[in-house]
Amino acid sequence: MRRINIAIDGFSSCGKSTLAKQLAHHLGYTYIDSGAMYRAVALYVLENGLVSEGKLRKEELLRALDGIQIGFKHDDASQRSETWLNGRNVESKIRGMEVSRHVTLVSPVPEVRAKLVALQKAMGREGGVVMDGRDIGTVVFPDAEVKLYMTARPEVRAQRRYLELVGKGVEVDYASVLENITRRDDDDLKREADPLLKAADAFEIDNSDLTASEQFELALGQVLKTVGEQAEA
Ligand code: DC
1020 MRRINIAIDG FSSCGKSTLA KQLAHHLGYT YIDSGAMYRA VALYVLENGL VSEGKLRKEE
1080 LLRALDGIQI GFKHDDASQR SETWLNGRNV ESKIRGMEVS RHVTLVSPVP EVRAKLVALQ
1140 KAMGREGGVV MDGRDIGTVV FPDAEVKLYM TARPEVRAQR RYLELVGKGV EVDYASVLEN
1200 ITRRDDDDLK READPLLKAA DAFEIDNSDL TASEQFELAL GQVLKTVGEQ AEA
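According to the numbering used here, the sequence shown is numbered sequentially starting from 1020.
Structural data, given as structure tokens:
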């Protein structure tokens, strides 16, 4: 069976990565978390003093951009793909609130997007990829055979993210998680470069009131329908 690309877009904490991993596992595809790449750039600017008084030192980032190496490596022990930045495993560092708070300083920068989009397109060249993000169905893989657009009510998403962080031992309160989510929604929708947009041919899933397995069945149905139609053609 031909290996297709699956694009999953939506707001933060919508369960995109849970669904993407389930689909990739089921189909034997590679899962790629494009948000991790923006998070890695955010970590870079934080660690290299390129943020002062909450503002990005953009010219310095642009000068450093060519030297920022981002990639993924499979970790046999955890059976997960982990994010690497300039030869260092940064998987856990990029998930913290500090990076979450600063990622929208770098994600609107067109030069950052151009670099990461080029890397993402290259990762999908052979097919067999499930990638999640904001602009995957519109910019990275505009020809993806299956595009899913996920939504859920902000309060539902904040509650899920809060529980996830607490489960990881992170000290955080629900109100600040909700505040972070609504601010990032706003940034994702309003930025000029590649804003979050539902592709015309995307299938929308609002999972506010769905279980993970109900959502998986819906999404898998879309994939099998597409693959089946292609096999018949
Ligand atoms: O999916 P996430 O929350 O880990 O993404 C982190 C940030 O990166 C988020 O604020 C939006 C941005 N992002 C983006 O601009 N484009 C993507 N394809 C993926 C993420």
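Every residue, glycine too, gets a C-beta built ideally from N, C-alpha and C.
Alpha-carbon to alpha-carbon, residue j and residue i
{"i": "residue 1110", "j": "residue 1102", "result": "5 Å"}
{"i": "residue 1084", "j": "residue 1125", "result": "11 Å"}
{"i": "residue 1094", "j": "residue 1108", "result": "10 Å"}
{"i": "residue 1187", "j": "residue 1064", "result": "25 Å"}
{"i": "residue 1026", "j": "residue 1190", "result": "33 Å"}
{"i": "residue 1062", "j": "residue 1070", "result": "10 Å"}
{"i": "residue 1105", "j": "residue 1251", "result": "45 Å"}
{"i": "residue 1030", "j": "residue 1152", "result": "8 Å"}
{"i": "residue 1157", "j": "residue 1122", "result": "21 Å"}
{"i": "residue 1045", "j": "residue 1248", "result": "19 Å"}
{"i": "residue 1074", "j": "residue 1130", "result": "17 Å"}
{"i": "residue 1040", "j": "residue 1231", "result": "12 Å"}
Per DSSP, cross-strand counterpart(s) of residue i
{"i": "residue 1185", "result": "In the DSSP output, where bridge partners are listed per residue, residue 1185 has none listed."}
{"i": "residue 1051", "result": "1150"}
{"i": "residue 1028", "result": "1152, 1168"}
Residue i and residue j closer than 7 Å at C-beta
{"i": "residue 1228", "j": "residue 1215", "result": "no"}
{"i": "residue 1155", "j": "residue 1028", "result": "yes"}
{"i": "residue 1132", "j": "residue 1213", "result": "yes"}
{"i": "residue 1234", "j": "residue 1042", "result": "no"}
{"i": "residue 1032", "j": "residue 1210", "result": "no"}
{"i": "residue 1034", "j": "residue 1226", "result": "yes"}
I'd like to know if the segment 1178-1194 and the segment 1055-1071 are in contact, where contact means that at least 3 CB-CB pairs between them fall below 8 Å. no
Any chance the segment 1237-1246 sits against the segment 1162-1169, with 3 or more Cβ pairs inside 8 Å? yes
Within 8 Å, do at least three Cβ pairs link the segment 1130-1150 to the segment 1195-1203? no
At what residue ranges does the segment 1190-1246 contain a whole run of the beta strand (DSSP E), taking only runs of 3 or more? 1222-1225
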